[in-house]
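These notes concern the structure reproduced below.
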Ligand code: FIX
Ligand code: ZN
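Residue numbers (our numbering): 891 to 1306.
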């Protein structure tokens, strides 16, 4: 194969990045077996919490009036204020338009009714195929919380697993509110006293083992506040050292930490009310160096943390950085973060996850990120060509496959 010249480089990289299938390693969508937990369609898009936060800025109304509305009323309200009365230039609003455009829908009339008609005529199975195909996503990793009363019964009953929707065992309630978690564990028949003594440690290990066996998760995960410290003489610190890390080692799975979220800075906004804070990257260093036999996936929410975190990843082969999480998932910061990661880590990171809560969002989150990842790679490859390096299309295909799925798969192989 002929080496690429600078002129064909941009198009080749764009084509490769657009056509390489993605394994989306963190989302909040569900296998259709979970019934109503799988969200999709225009009303779910317009009531996404990213959009709701923006709505309250321009159309303040008493919170309880908004929450008392039906989903369709909330969607109407968002459409009117964010799409009709002003241009939808924010990333979350632009995302809705990217989805509609890619589905071939006409938004020029500014009317919601025809859009609703389109979604009403879809069947969920066919629509899932359409979205995965249009987004170029081969599979997604869900967020699966055994403490969630809506999803636990589906797991307990069991369902035919699909390769498209893989599991991740989410344990926020265990680490972030131990007294409440201890009560639930007791209700479920685990012999827990709440004192985190040897008996409790055994019971929590049994609980984790049971759920790992049931879900076969790609990894265990938690989101943590910016105050996360390690080691720490708190229930969270004790549970991590005595239960989570040994369970992860035994099962051979990674532990994902998503650090920097300040939950409920405005509780009236519900899911839209979380904020961000600067976290302590040294806690991650200590975790990685004290537990070399564990693997850690880490993302941080604060822009201020991204550089320090890249430097940490250079120090620890058992640390894999992933994604541009939530408030970092905007074009300017995806570009900055991805460029910095390539410059400091080469190709040894996972550039993006979508975090979608509504299936259709796979289309916009990935098309927006793909364009930026392609631009960054084009610049970096152009620098190599300028230095006399011969670059072939197959090299680009190999590199992009690592970024889009290979790095994650190597770090988190599927459980047998
Ligand atoms: O904790 C998380 O996994 C966060 O991603 C979510 O809680 C958050 O609400 C979200 O959807 C961000 O994109
Ligand atoms: Zn998430």
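Heads up, the beta-carbon is just placed ideally off N, CA and C, and yes, glycines get one too. Being a predicted model, the structure only gives us computed values, none of them experimental.
With a beta-carbon spacing of about 14 Å, residue 1126 and residue 1091 fall beyond the 8 Å limit used to define contacts. With a 10 Å radius around the Cβ and a threshold of 16 neighbouring Cβ atoms, residue 1013 comes out exposed. Taking a 10 Å sphere around the C-beta of residue 1052, we find fewer than 16 other C-beta atoms and assign the residue as exposed.
Looking at the backbone, the Cα of residue 1083 and that of residue 1122 are separated by about 21 Å. Note on geometry: alpha-carbon atoms of residue 1173 and residue 1229 lie some 24 Å from one another. Runs of the alpha helix (DSSP H) lying entirely within the stretch 919 to 982, each at least 4 residues long, are 932 to 936, 939 to 948, 953 to 958, 961 to 968 in chain order. The stretch 906 to 913 makes contact with the stretch 1275 to 1291, as at least three CB pairs between them are under 8 Å.
With a beta-carbon spacing of about 5 Å, residue 1253 and residue 1024 fall inside the 8 Å limit used to define contacts. In the three-state reduction of the DSSP assignment, residue 1111 falls in the strand class, which pools E and B. Check the Cα spacing between residue 1239 and each of 1066, 1158, 1271, 1295: the tightest is with 1295. Between the stretch 1187 to 1204 and the stretch 1148 to 1162 there are three or more inter-stretch CB-CB distances shorter than 8 Å, so the stretches are counted as touching. Secondary structure note for residue 1082: it is in no alpha helix (DSSP H), with a DSSP letter that is neither H nor E.
Under the three-state reduction of DSSP, residue 1298 is assigned to helix. Around the CB of residue 915, 16 or more other CB atoms lie within 10 Å, so the residue is classed as buried. For residue 913, the enclosing beta strand (DSSP E) has its first and last residue at 912 to 914. Of the heavy atoms belonging to ligand 1, none sits nearer than 6 Å to the Cβ of residue 1256. Residue 910 is positioned such that its CB atom lies closer than 7 Å to that of residue 1290.
Taking residue 923 as the centre and dropping the five residues before and after it, the same chain places the C-beta of 1049 closer than 6 Å to its C-beta, in chain order.
Under the DSSP assignment, residue 1031 falls outside any alpha helix (DSSP H), being part of the beta strand (DSSP E) whose first and last residues are 1027 to 1031. Closest by C-alpha distance to residue 958, out of 1171, 995, 1160, is 1160. Here residue 1042 carries a helix assignment [DSSP, helix/strand/coil].
It is roughly 17 Å from the alpha-carbon of residue 1243 to the alpha-carbon of residue 1303.
Ligand 2 has a heavy atom closer than 6 Å to the beta-carbon of residue 1245. Not one heavy atom of ligand 1 falls within 6 Å of the beta-carbon of residue 1052.
Of the other Cβ atoms in all chains shown, fewer than 16 fall within 10 Å of the Cβ of residue 1007; this residue is therefore exposed. Residue 971 has its alpha-carbon roughly 10 Å from the corresponding atom of residue 947.
The beta carbon of residue 984 is closer than 7 Å to those of 978 in its chain, skipping five residues each way along the sequence.
Distances from the CA of residue 1107 to each of 1000, 1237, 1277, 1144 were compared; the closest alpha carbon is that of 1144. DSSP places residue 1074 within a helical segment (H, G or I) once states are collapsed to three.
Its Cα nearest to that of residue 1185, the residue 1176 stands out among 1124, 1176, 1221.
Pairing residue 1015 with residue 964, the inter-Cα distance amounts to about 26 Å. For residue 1240, no beta strand (DSSP E) segment is defined, and its DSSP state is neither H nor E. Taking 6 Å as the cut-off, the C-beta of residue 930 does not count as close to any heavy atom of ligand 1. Taking the Cα of residue 1069 as reference, the smallest distance to any Cα among 1035, 1094, 1045 is reached at 1094. With a beta-carbon spacing of about 29 Å, residue 1154 and residue 1102 fall beyond the 8 Å limit used to define contacts.
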